[in-house]
Amino acid sequence: MTPAVRPAGLRAGWLAGGIAAVLVALVAGLAFGSVALPPAGVAIELLNLVPGVHLHSGLSPREVAILTELRLPRVVLGLLVGGLLALAGAAYQGVFRNPLADPHLLGVAAGAGLGVTLVISLRAGATGDATANLPIGVPAAAFAGALLAVGLTWLLGAAGGRDRSPATLILAGVAVSSFLAAGQTYLMQQHVETLREVYSWLLGRLATAGWHDVLIVLPYAVVTAVIVLSQRRELDVLTVGDEEATSLGLHPQRSRYLLIVAASLGTAAAVSVSGLIGFVGIIVPHTMRLLAGPSYRSVLPLSVLFGGAFLALADLLARTAGGQAEIPIGVITAFFGAPFFIVVLRRGRGGAS
Amino acid sequence: MSDPAIKVQDLRVRLDGTRIVDGVDLDVSRGEWVTVIGPNGAGKSTALRAIGGLLPFTGTVELNGTPVDRLHRRERAKTIATVTQSPTVPPAMHVLDYALLGRTPYVPPLGRESATDLAAVEEVLESLDVARFAGRRLETLSGGERQRVFLARALAQGAGILLLDEPTSALDIGHQQEVLELIDRLRAERALTVLTTMHDLTTAGEYADRMVLLAEGTVVAAGTAREVLTEENLARHYRVRVRVIEGDHGPLVVPVRA
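Protein sequence lines, in the order shown, are assigned to chains A and B.
Sequential numbering of the first sequence, starting at 1, is according to my numbering.
Sequential numbering of the second sequence, starting at 1001, is according to my numbering.
Here you go:
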C-alpha cells in the first residue's frame, strides 16, 4: 500500500498562520511607538472599528486619535505595500523561472522610481510646492516607468538567445536599473528644490502615510492580487517549461504578459507611496517556498500575508529602534534582505532553489 | 475504416528562416506504433513538435480527422500528449504534483483538481509502478524512474495519441528495453496510438509497426522495419557502413568499420 500523499496546495494550517502573523503585526504596530499603548486596549479598539461593536477599551480620546489617525493608516499601508511587493516578487520568479527575479533586481522599481521622480519634479516646477500630498497621477507614472523597465530588461535578457541563463536576465535588470537610476539622478540635479523630498522618498518611507496614501494604493493592490492569484495554477504549470505548458493546453506567453503587467502594476503602486523598499520580494516568497513547499498555489497567498506582516514589523523597528530619528525602512529590509539573498544564491548554485 | 489517428500532408516547418521540415506526409492508424528515424538534423523532433501543435507549420495535420489548428488548446491537450526529449524537472516538485499537471486540460480556469483527476493520476502512477514515489521529489529519482513519471504525466492527460521524442535517449540498454516494453503494454491496454523518434535503429525496428526514415526534412523511406532498415538506405542517408542481420523481432543493424 502506498501512504496517502496529498496534492500540493495551500494548507489550512499555513493560511491560519499567515492570518495570525498579520494580526500580530497589526496589534504590535499599533501598540508600540513614541507613545506605548496597551496591546489589549488596541485590540479592543480594532474590534470597535467593526460597525455595530462598541466596547470599552480604556484608551483616552487622544490615544484613540493616535491609534486611528496616525498609526492605523501607517500599519495598513505597511501591510498593503509588503503584501504587494512579496506577491510581485513571487510572480516575477514564476514568470521568468528565475529564483533571483524581484521587483528591484529586474529594474522595475527603478523604472517606477523614475516615473515618480519625474512627476514630483515637474509638479514642483509648476506649483513650487513639493511637500503636498502625492497626486493621484503618481501611480500611473510609476506604472508606465515600471512597464518600460521590465520590457527593457526582458528584451536585453532575451538578447542572449536560447542560451539565456538566470544570470543573463539579472544582469540585464542591473543594467536597466543603473540606466534608469542615472536618468533619475539627472532629473534630481535639475530640480534641486525637490531633492529633499525625492531623497527621503527614495530611501523608502511609510512615515508621511495617512489614509490618503492607503486610498491611492488600495485599488491597485486589489487588481494586482486578483489577477496574480487567479494565475496560481498556471504558474505551477509554467515551471515545467513553455513547450510542456503548451502541450498541456496553456498559452504560456499570454499568462506571462498578464502576470508581468499585474506584478508591475502592484510594484508601481507600492513604489509610488512608499519609495524603494528592497528585498521584500525575494525574502518572503523564498521563505514560503522553503517552509510550505514550492507550489504557487501556496506561495502566492502566503507571500501576501507574510509579506504584509514582515513589512509592518520592519516599519515598527524603523520607527522605534533608532531613538528620536526614524531609520528609513528600506535600510531595515536591506539589512535583513542582503544576507538572505546570499543564502538564496548559495542554494541556487546547489541545484535546488 | 475510420480516420487515421494522425494524418500529415505536406508538412513544412521553418525555424529562424531555415527549412527544417520540407514536405512530410505521414499516416498513423489508431493503435499503431510508428517510429521516425533519421540522422541528426533530419527534422525528426521538429516534425513531432509541429504535429503536437507546439510549432507553427504549413500543410495539414489532422488528429482523428480534425485539423490540429482547429482544436481548442485544451481539446488538443486531451487528444494528443507529448513527452519532449529532456523534459524540465521543476525543483522540489513532488512526483504526484508533477503527474497532476497532466490533468491541466480538465481543470477549469480558476478551479482546482477534482477527485476524478486525483483518481486518474493515482491509477496511472499505479500502472507505471511509480505510485510508491508519489511523495518523493522528482529530482531525486533515477533516469529510468523519471522517464516513467514523464510518461505518467502524459498518460494522465487521457489522450489517445502519444508523441514521444527520444523516450530512451537518457537510459542504459536495460532501462531502454524496460521503458519500451512498458509503452508497448500501455499501448495495448489503453488502445494508444504511438508516434516516436528514436536513434537506436535495431531497437526502433523491434518495437515499431512501421518506420519512417527522414533525411533533410523529407521522407526518404517508409514501411516495415525490414523495408526501411536496409544496408543501402542506411549507407545513403546516414553515411555509415552497416551489416543488417535477420533477427527474431526484425533486422539487427550492426555498424562495421570501413
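Each residue gets a CB set at the ideal place from its N, CA and C atoms; glycine is no exception.
Since the structure is predicted, the reported quantities are computational estimates derived from the model, not experimental observations.
According to a CB-to-CB cut-off of less than 7 Å, which residues of the stretch 1124-1146 of chain B neighbour chain A? Correct list: Ala-1131, Arg-1132, Ala-1134 and Gly-1135.
Candidates Gly-41/A, Trp-154/A and Gly-322/A: which alpha carbon is nearest Ser-34/A's? Here the closest residue by C-alpha is Gly-322/A.
Tell me the residue span of the beta strand (DSSP E) that contains Gln-93/A. That residue, Gln-93/A, is in no beta strand (DSSP E); its alpha helix (DSSP H) goes 72-95.
Which first and last residues belong to the beta strand (DSSP E) in which Thr-1082/B is found? 1080-1083 is the extent of the beta strand (DSSP E) around Thr-1082/B.
Endpoints, the beta strand (DSSP E) within which Asp-1165/B is located: Where Asp-1165/B is concerned, the enclosing beta strand (DSSP E) stretches over 1161-1165.
So with Cβ pairs under 7 Å, would you call Ser-230/A a contact of chain B? Chain B places a beta carbon closer than 7 Å to that of Ser-230/A, counting this residue as a contact.
Pro-7/A versus Val-1068/B: straight-line alpha-carbon distance, rounded: Straight-line measurement puts the Cα of Val-1068/B at about 32 Å from the Cα of Pro-7/A.
Could you compute how far the alpha carbon of Lys-1007/B sits from the alpha carbon of Leu-238/A? If you take the alpha carbons of Lys-1007/B and Leu-238/A, they lie about 30 Å apart.
With respect to 6 Å, is the separation between the Cβ of Ala-1159/B and the closest non-hydrogen atom of the ligand GDP below this value? You won't find the ligand GDP in this model; it holds no ligand whatsoever.
Note down the Cα distance separating Pro-39/A from Gly-52/A, rounded to an integer number of angstroms. Computed Cα separation, rounded: 22 Å.
In chain order, what residues of the same chain have a beta carbon less than 7 Å from the beta carbon of Leu-258/A, not counting five sequence neighbours either side? Within the same chain, Leu-258/A has close Cβ partners Ile-227 and Gln-231.
Give the residues from the stretch 89-109 of chain A that approach chain B closer than 7 Å (Cβ to any Cβ), ordered along the chain. Result list empty, no residue passes.
Tyr-354/A, buried or exposed, once every other Cβ within 10 Å from all chains shown has been counted against 16: With chain A represented from 1 up to 353, any question about residue 354/A goes unanswered, as that position is not in the structure.
For Leu-106/A, does the count of other Cβ atoms within 10 angstroms reach 16, so buried, or fall short, so exposed? Result: buried.
Opposite Gly-1223/B in the DSSP bridges: which residues? Answer is Met-1211/B, bridged to Gly-1223/B.
At which residues does the beta strand (DSSP E) containing Asp-1097/B begin and terminate? In this chain, Asp-1097/B is not harboured by any beta strand (DSSP E); it is covered by the alpha helix (DSSP H) spanning 1095-1100.
Does chain A have any CB closer than 7 Å to the CB of Pro-1056/B? Pro-1056/B does not count as touching chain A.
Using the C-alpha atoms, what's the distance from Pro-1255/B back to Val-1240/B? Between Val-1240/B and Pro-1255/B, the C-alpha separation is close to 7 Å.
Around the Cβ of Asp-213/A, are there at least 16 other Cβ atoms within 10 angstroms (buried) or fewer (exposed)? A residue is called buried once 16 or more other Cβ atoms fall within 10 Å of its Cβ, and Asp-213/A is buried on that count.
Tell me Arg-1243/B's beta-bridge partners as DSSP assigns them. According to DSSP, which records beta bridges pairwise, Arg-1243/B is partnered with Val-1254/B.
Between Gly-1223/B, Val-1021/B and Val-1179/B, which lies nearest to Thr-1060/B when the distance is taken from Cα to Cα? The option with the nearest alpha carbon to Thr-1060/B is Val-1021/B.
Limits of the unbroken beta strand (DSSP E) element including Asp-1010/B: Following the DSSP letters along the chain, one finds Asp-1010/B inside the beta strand (DSSP E) bounded by residues 1006-1015.
Could you name the residues of chain A that Pro-1167/B contacts, counting a contact when the two beta carbons are closer than 7 Å? Simply none; closest approach about 15 Å.
Find the residues of chain A that neighbour His-1199/B, judging by a C-beta separation of less than 8 Å, and give them in chain order. Close partners of His-1199/B in chain A (Cβ separation under 8 Å) are lacking, with about 20 Å as the shortest Cβ gap.
Assigned secondary structure, Ile-327/A (DSSP; H/G/I helix, E/B strand, else coil): For Ile-327/A, the secondary structure class from DSSP, reduced to helix, strand or coil, is coil.
Bridge partners - Asp-1022/B, DSSP secondary structure assignment: Asp-1022/B is bridged to Arg-1012/B.
In this structure, how does DSSP classify Arg-1137/B when only helix, strand and coil are distinguished? The three-state reading of DSSP puts Arg-1137/B in strand, counting E and B together.
So, under 8 Å CB-CB, Arg-157/A and Leu-169/A are touching, yes? Tell me the CB distance rounded to an integer number of Å. Residue 157/A is actually Gly in this sequence, not Arg. Confirmed, about 4 Å.
Residue range of the beta strand (DSSP E) that includes Ile-1037/B: For Ile-1037/B, the uninterrupted beta strand (DSSP E) segment begins and ends at 1033-1037.
Near Ser-1002/B, what residues of its chain come up, given a Cβ to Cβ distance below 6 Å and the 5 sequence neighbours on each side ignored? Same-chain partners within the cutoff: there are none.
Under 7 Å, do Gly-1102/B and Ala-1159/B count as touching if we go by C-beta distance? Contact flag unset, no.
Identify whether Pro-301/A lies in helix, strand or coil by the three-state DSSP scheme. In this structure, DSSP gives Pro-301/A a helical state, which the three-state scheme calls helix.
Nonlocal neighbours in the same chain, by C-beta distance under 6 Å from Leu-1096/B, ignoring five residues either side: Closer than 6 Å at Cβ, skipping near neighbours: Ala-1134.
Answer with yes or no whether the minimum CB distance from Pro-1259/B to chain A is below 7 Å. Residue 1259/B is absent from the structure shown; chain B starts at 1001 and stops at 1258.
Can you tell me which of the three DSSP states Asp-129/A falls into? Model confidence at Asp-129/A stands at a pLDDT of 48, short of 50, so the residue's coordinates are unreliable and nothing is read from them.
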